[in-house]
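This report refers to the structure that appears directly beneath it.
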């Protein structure tokens with residue numbers, strides 16, 4: 001220890017050069033480090049949805065849901081499964097054990113579902129697997145304008161979507177509030193009762209023509225039943241003229257239009273969005289993991305502003321939620337708080353211990369922070385609200401070690417010891433006590449580091465950063481502070 005401390009003082013030019021390099025690499029790490037709103041966490045839940053058109057809840061349960069439940073037990077890390085079978089659709093929720101390699105598990109799940117697809121009824125649509133249940137939106141933009149229909153606003157949103165989806169770092173963009181048209185078949189039960197057909201028979205005949213009938217298709221309103229239908233290849237005329245029954249005696253036919261009204265309507269009125277009493281469509285964007293969303297935001301801002309300039313003046317595009325701006329604000333506030341903290345600590349040390357000790361403190365705090373940023377970059381810990389909170393917590397502890405070492409050195413110099421000897425022995429004398437104090441503080445955060453599950457993953461950067469920063473402050477205090485003390489310290493008057 002003595003030889004190492006002495007070597008840093010004797011070769012102080014090399015030590016100062018290393019300090020300069022640390023500043024450069026620390027600032028560079030800060031610049032290139034991904035900046036996010038929240039830490040990325042491994043979601044251990046998957047939603048498996050399978051549409052089986054026309055099937056009853058009982059058939060869905062026996063022919064689809066149970067098969068999926070049996071198959072997912074083969075996935076590595078399987079913990080439990082829950083399910084819900086309804087008319088036309090099966091929903092299965094798979095949960096993995098804590099600590100499971102989710103990427104590997106989800107790849108296995110997709111392989112298992114691909115294998116199972118051929119064992120399901122032919123009418124079943126492709127199994128849909130959603131592993132992004134907890135993924136939060138990175139931005140939400142609203143499109144509104146007095147007198148504009150949902151279709152017109154959706155066209156504007158689609159146009160902007162095409163421009164934004166190509167930005168590096170944008171994973172997907174969804175548009176909500178977009179109103180699609182559908183064909184509604186409203187069956188008159190009085191007319192239907194005159195035929196030897198039931199509503200289920202009519203439904204089956206319609207489906208036989210290639211028309212999909214989705215979940216929740218039967219509505220009982222004022223004695224009438226409606227059947228909603230969707231098709232990309234049947235026209236209104238085709239649906240109206242579907243033959244329901246042919247008389248064997250006369251050869252006359254009864255068509256759907258004879259017992260039902262067929263018309264267009266908006267697909268889902270509950271999906272209508274209003275803002276300030278105006279029709280509104282929302283564009284929701286999601287960002288890729290481990291990206292600097294501040295940099296993504298700059299490209300988004302540029303394209304959004306260019307797009308706004310091409311819009312009619314009465315179409316308003318507002319940012320309802322915009323993570324790049326929030327993260328940029330948080331980072332700037334952290335930098336401001338850091339600088340204010342450094343100035344305040346230096347002022348306190350200057351008042352209490354003098355200018356020379358203040359010089360050491362003014363070096364140790366930013367150097368420790370920059371070394372911490374280098375460590376964060378090497379360990380893939382990114383800038384987000386949790387890591388910023390950890391850095392602010394650590395800020396109050398970074399100065400302690402340097403103050404103890406500098407005070408020990410100053411006391412020896414004041415006692416008349418030769419400066420080299422005072423710097424080496426002063427640092428050596430307190431090195432073990434300072435290390436013990438540092439390890440004690442580190443130990444207090446170990447339980448947080450070992451916290452399991454998604455909660456532990458969410459807050460893990462707090463103990464990681466505090467451990468890195470305290471380690472950096474110890475290195476700076478024991479090996480850098482003696483060098484600065486050797487250059488600046490003199491006997492107190």
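Residue numbers (the numbering used here): 1 to 493.
Where is the CB? At the ideal position from N, CA and C, for every residue including glycine.
Anyone know if the C-beta pair for residue 287 and residue 163 falls short of 8 Å? Taking the first residue of the chain shown as 1, we reach residue 287 at position 287. Taking the first residue of the chain shown as 1, we reach residue 163 at position 163. Taking a C-beta distance under 8 Å as the contact criterion, residue 287 and residue 163 do not qualify as a contact pair.
Output needed for residue 485: all residues of its chain with C-beta closer than 7 Å, excluding positions within five of it in sequence on either side, in chain order. Indexing the chain shown from 1 puts residue 485 at position 485. Cβ neighbours of residue 485 beyond the five flanking positions: 360, 406, 409, 423.
Should residue 264 go down as buried or exposed, given a rule of 16 or more other Cβ atoms within 10 Å for buried? As a first step, residue 264 must be located in the chain shown, where it is residue number 264. By the Cβ-count criterion, residue 264 is exposed, with fewer than 16 other Cβ atoms from all chains shown falling within 10 Å of its own Cβ.
Verify the CB distance criterion: does residue 341 have a CB-CB separation below 8 Å to chain C? Structure shown: chain C not included; a single protein chain is present.
Whole angstroms are fine: how far does the CA of residue 300 sit from the CA of residue 174? Locating residue 174 in the chain shown gives position 174, where the first residue counts as 1. Locating residue 300 in the chain shown gives position 300, where the first residue counts as 1. So the alpha carbons of these two residues sit roughly 15 Å apart.
In chain order, what residues of the same chain lie with their CB nearer than 8 Å to the CB of residue 165, ignoring the 5 residues before and after it? What you label residue 165 is simply residue 165 of the chain shown in a count that begins at 1. So the list reads 172, 173, once near-sequence residues are dropped.
How long is the line joining the alpha carbons of residue 463 and residue 122, rounded to whole angstroms? Position 463 of the chain shown, counting from 1, holds the residue named residue 463. Position 122 of the chain shown, counting from 1, holds the residue named residue 122. Looking at the backbone, the Cα of residue 463 and that of residue 122 are separated by about 53 Å.
Excluding the five sequence neighbours on either side, which residues of its own chain have a C-beta within less than 8 Å of the C-beta of residue 414, listed in chain order? As a working mapping, residue 414 is identified with position 414 in the chain shown. Excluding positions up to five away in sequence, the list reads 491, 492.
Span separating the alpha-carbon of residue 50 from that of residue 128: Locating residue 50 in the chain shown gives position 50, where the first residue counts as 1. Locating residue 128 in the chain shown gives position 128, where the first residue counts as 1. About 6 Å.
Between 291, 133, 116, 259, which lies nearest to residue 39 when the distance is taken from Cα to Cα? Here the question's residue 39 lines up with position 39 in the chain shown. Considering only alpha carbons, the answer is 291.
Touching or not, the region 327-347 and the region 273-289, by the rule of three or more beta carbon pairs under 8 Å? The region 327-347 and the region 273-289 do not touch, with fewer than 3 CB-CB distances between them shorter than 8 Å.
Below 8 Å, how does it come out for the region 10-22 and the region 84-99: are there three or more Cβ pairs, yes or no? Under the 8 Å Cβ criterion, the region 10-22 does not count as touching the region 84-99, having fewer than three qualifying pairs.
How is residue 137 classed by DSSP in three states: helix, strand or coil? Counting from 1 along the chain shown, the entry for residue 137 is found at position 137. Note: residue 137 maps to coil in three-state DSSP.
Express the C-alpha separation of residue 182 and residue 377 in angstroms, rounding to a whole number. Residue 377 sits at position 377 when you count from the first residue of the chain shown. Residue 182 sits at position 182 when you count from the first residue of the chain shown. Within the model, the alpha-carbon separation for residue 377 versus residue 182 is close to 52 Å.
Using CA coordinates, which residue listed in 193, 157, 303 is at the minimum distance from residue 177? Residue mapping note: residue 177 aligns to position 177 of the chain shown, counting from 1. When each option's Cα is compared against that of residue 177, the closest is 157.
What residue range does the alpha helix (DSSP H) around residue 344 cover? Taking the chain shown and counting its residues from 1, one reaches residue 344 at position 344. Per DSSP, residue 344 belongs to the alpha helix (DSSP H) from 323-353.
Starting from the Cα of residue 55, find the closest Cα among 277, 200, 259 and give me that residue. Working through the chain shown from its first residue, we reach residue 55 at position 55. Residue nearest to residue 55 within the set 277, 200, 259 is 200 (criterion: CA-CA distance).
Among the residues of its own chain, which have a CB less than 7 Å from the CB of residue 570, if the five just before and after it don't count? There is simply no residue 570 to check, as the chain begins at 1 and stops at 493 in what is shown.
So, for residue 29: in the same chain, excluding its five sequence neighbours on each side, which residues have a beta-carbon less than 6 Å away from its beta-carbon? To locate residue 29, count along the chain shown from 1; it is residue 29. Counting only Cβ-Cβ distances below 6 Å, and skipping sequence neighbours, we find 373, 374, 377.
Count the C-beta pairs between the region 133-153 and the region 327-341 that are closer than 8 Å, then say yes if the count reaches three, no if not. Verdict: no, contact absent.
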